[in-house]
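Take a look at the structure below.
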Amino acid sequence: MSSATQQLIHQMFDAFNRHDAQAVVDTMTDDVVFEAAAGPEVFGRRFSGKAAVKEAFSNTFNDLKDVRWDDVVVVEGPKWVVTTWTMKATRADGMRMEIEGLDLFTLRDGKVCEKRAFRKDRPAIPKA
60 MSSATQQLIH
70 QMFDAFNRHD
80 AQAVVDTMTD
90 DVVFEAAAGP
100 EVFGRRFSGK
110 AAVKEAFSNT
120 FNDLKDVRWD
130 DVVVVEGPKW
140 VVTTWTMKAT
150 RADGMRMEIE
160 GLDLFTLRDG
170 KVCEKRAFRK
180 DRPAIPKA
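If you're matching positions, the sequence shown starts at 60 in my numbering and goes up one per residue.
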C-alpha cells in the first residue's frame, strides 16, 4: 500500500475522532459520494458533494457526542481501499453503541471520491 494512501485514510479517521467535519471533507474530492450504513434505501442513505457530506458528519458528531472509530485497519486493493473499525458512542438516552464495521473507499487524484459504509446491526447496550 502506498504511504500516501495510508496517510490520507488515517488523516481522515483522526479528523473523525476529533469531530472535525471540515478536516474530514478536506480529504475528499468536491464531488464525493458518501453512502451511510443506515437509511431507507438498499444502499443506506446517499450524500453527494462536500457540503452534504460535511453536514451528515456534523450531524453524527452532534447526535453522538463521544463517537469515535477505533482499531482502524487499512487495506488497499486494486479497486478499493478497505478499512475495518470499531465504532463506539453513547446515544442521547445513555445507551451505548459498540459496533464493528467497514468502509469501501474509491480514490481519485489522491483524495476520497466515494465512501461506502457498512456495519453490524447490533442492539444498543444498556447504561452501565
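We put the CB at the ideal spot given by N, CA and C, even for glycine.
Per DSSP, cross-strand counterpart(s) of residue i
i	result
Leu-163	Val-141 and Arg-175
Ala-82	Ala-82 pairs with nothing; no bridge assigned.
Sequence-distant residues of the same chain with beta carbon closer than 8 Å to residue i, five excluded per side
i	result
Arg-167	Thr-88
Lys-186	Gly-153, Met-154 and Arg-155
CA nearest to the CA of residue i, picked from the options
i	options	result
Lys-109	Gly-169, Ala-80, Val-133 and Asp-125	Ala-80
Asp-180	Ala-151, Thr-145 and Lys-170	Thr-145
Val-141	Lys-147, Gly-160 and Ala-148	Gly-160
Ala-74	Asp-129, Ile-158, Ala-96 and Trp-139	Asp-129
Gln-65	Val-134, Lys-124, Asn-121 and Gly-98	Val-134
Phe-120	Asp-90, Thr-86, Ile-184 and Ala-148	Ala-148
Ala-63	Ala-97, Val-171, Glu-114 and Ala-183	Val-171
Cut-off 6 Å between Cβ atoms - residues of its own chain near residue i, not counting five sequence neighbours on either side
i	result
Lys-174	Phe-93, Asp-162 and Phe-164
Ile-158	Met-146, Arg-178, Lys-179 and Arg-181
Residue environment, residue i, which counts as buried when at least 16 other CB atoms sit within 10 Å
i	result
Ile-68	buried
Which ranges does the beta strand (DSSP E) cover as unbroken runs of at least 3 residues, wholly within the region 104 to 159, from first to last along the chain? 127 to 135 and 140 to 149
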